[in-house]
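**Student:** Here it is, the structure, as structure tokens.
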Amino acid sequence: MTGFADLGYARVDTDREDRQGLPEIVYGPGKQPDEIVGIVSELLRRSTGPVLVTRVEPEVAEHVAERVDGAVHHPAARLLTWRPAPAGTFEVCVVTAGTADGPVAAEAEAVAAAIGLSTRLVRDVGVAGIHRLLAVREDLARADAVIVVAGMEAALASAVGGLVGSPVVAVPTSTGYGAALDGVTALLSMMTSCAAGLTVVNIDSGFSAAMAVHRLARTAARPR
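Just so you know, we're using our numbering here: the sequence shown kicks off at 289 and counts up by one.
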């Protein structure tokens, strides 16, 4: 057993489901549509769990969906899915600072739902009107994990991190004016948060946040 399938243009990791609980997830940009078709077809053949393609543009999604049966397109999240997992008992709440953070939150929520997490979305509770956040603090506290999606100075991550006891995964976004530096300011702010224990992922990567929570949920469910 090699543990991968050599398609010539890609070596599909066929053992990843055994190692990590999910098949390899396909990053769409940079691949030709027919390459995505080939990779997805191989994953569907060689695995049993959900198959996902991230960051897929509408015309590419249409091409792939026409050639691989069972596809579901999530336009706001730029995501294609096959065989989504049923929602489990581990709940993640996705929270946005502002409406402009919506596309990144959509990716986080759609990926989390497709891989079997129970999801809730709380929109537009940024610290410029912190009473909006305090109004939902009990809802956040009930979640098993919280994904915070914020741009600008990203203060929402620290605020949520101070209010809840569950794991918080922070996603900096590239929203903001000049000194926001396309998300670098938010990234550094989250990384230097005084709310101890935040996990910070890459700029605009809702996908990474969902996968971080998946690892938490999988470990929490593991028999002792």
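Glycine residues also receive a C-beta, built at the ideal position from the N, C-alpha and C atoms.
How is P460 classed by DSSP in three states: helix, strand or coil?
**Tutor:** strand
**Student:** Can you check whether the CB of I418 is closer than 9 Å to the CB of A447?
**Tutor:** yes
**Student:** If you drop the 5 nearest sequence neighbours on each side, which residues of the same chain put their C-beta closer than 7 Å to that of G316?
**Tutor:** Excluding positions up to five away in sequence, the list reads I324, V341, T342, R343, V344 and V348.
**Student:** Tell me the residue span of the alpha helix (DSSP H) that contains E347.
**Tutor:** Its alpha helix (DSSP H) spans residues P346 to R355.
**Student:** Which residues bound the beta strand (DSSP E) around F292?
**Tutor:** Where F292 is concerned, the enclosing beta strand (DSSP E) stretches over F292 to D294.
**Student:** Are the beta-carbon atoms of V328 and V356 separated by less than 9 Å?
**Tutor:** yes
**Student:** Roughly how many angstroms lie between the CA atoms of F378 and L405, to the nearest whole one?
**Tutor:** 6 Å
**Student:** For R420, which residues of its own chain have a beta-carbon under 8 Å away from its beta-carbon, when the five flanking residues on both sides are left out?
**Tutor:** Result list for R420: D412, V413 and G414, in chain order.
**Student:** With DSSP as the reference, label I313 as helix, strand or coil.
**Tutor:** coil
**Student:** In or out: R430 buried (at least 16 other Cβ within 10 Å) or exposed?
**Tutor:** exposed
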